[in-house]
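First comes the structure, then the notes that go with it.
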Amino acid sequence: MLKVAFSPIFLYQVPEKHRFPMQKYRLIPERLVEEGTLGECNFFTPRKLSEEEILTTHTQAYWEKLKNQTLSRKEARAIGFEMTLKLVERGRYIAHATYECALYAKQYGVSLNVAGGTHHSFADHGEGFCVFNDVCIASNLLLLRGEAKRILIVDLDVHQGNGNASIMANEPRVFVFSMHGEKNYPFRKPPSDLDIAVPNDTGDDIYLTLLKQTLPKLIAEHKPDLIFYQSAVDVLATDKLGKLSLTVEGCRQRDEFVLTQARDNKIPIAIVMGGGYSEDIEQVVEAHCNTFRVAKQLFFD
Ligand SMILES: [Zn+2]
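Its first residue numbered 10, the sequence shown is counted upward by one per residue in the working numbering.
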């Protein structure tokens, strides 16, 4: 059974100026249901992260500021959303959803979160639209509870996962692989276990070749028993923030390659969405939907 995390709290009233990047969280599941890729039975509503779970990864001081809404104006601006308790609540559901997806992946091979991939969140602060670091929290919970021993994070968002790199810097059981745009945010990139910085305007062929040269080796060397895959679509040529030049088909082939690697090596894979900011929302939705379609095809057809 393909389990997909979705919580209606995603759709809380976000300020008008942020509506565009948020819309996709509604449009993607709508399209997948409409076309028959997913049915009601595929969706689950995640539980909310507890304080104790938050503190496996984030500092007490940061959590207090979020809980009491006492972030300074500068700290809130770095996150980029208007800071509300609702936003904090939303982050708690999304992060726990990523953890639950990992458990479902262990059961069924693959699972997806319609959200997540908030890889710019650090232990003690958030930035780049990221409040909590869902993949790092999920990883820490899995390790702590003996539900995973060696985790590989495959982060193919066009932006480097600076939060993941920082939080997991001293955690040898989690290997952080980030392939991202060289000349893009974040401009200070703390080192991941492996960073591949791709020049502006790189297209499908070079991008896919790099990935195919790298990922099988990482899996062979690190021997993960779980993979988190950040399948962001801000690598598309049409992306406002991306600066790379992938096509929707190139993006689909990327997903297919990563998921095939996981399937053929029998490693559970939990997928989070990450960025995607094309002016043309159609491309964003289509490219994200492809990840779900490929997952269903490869694991369940
Ligand atoms: Zn991004």
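Glycine included, every Cβ here is placed at the ideal spot set by N, Cα and C.
Under the Cβ criterion (8 Å, minimum of three pairs), the region 281-289 does not count as touching the region 199-217. Annotation for L96: F90 place their beta carbon closer than 6 Å to its own, counting only its chain and skipping 5 residues before and after.
In this structure, the alpha-carbon of N299 lies about 16 Å from that of D213. Within the region 31-101, the complete alpha helix (DSSP H) runs of at least 4 residues fall at 60-63, 69-76 and 82-88.
Between the C-alpha atoms of D234 and E156 there is a straight-line separation of about 9 Å.
Between T66 and C139, the beta carbon gap of about 12 Å keeps them out of contact (Cβ cut-off 8 Å).
For the pair Y113 and I37, the Cα-to-Cα distance works out to about 20 Å.
By the Cβ rule, the region 296-310 counts as touching the region 249-267, because three or more pairs are nearer than 8 Å. Put simply, of E62, S148 and G170 the residue whose alpha carbon is nearest the alpha carbon of F131 is G170. Annotated three-state conformation of D264 is helix, per DSSP. If only complete runs of 4 or more residues are kept, the region 146-197 shows the alpha helix (DSSP H) at 171-176, in order along the chain.
In this structure, N122 keeps its C-beta atom at 8 Å or more from the C-beta atom of I278.
In this structure, the CA atom of E109 is about 33 Å from the CA atom of R82. Take the alpha-carbon of K115 and the one of V244: they are about 28 Å apart.
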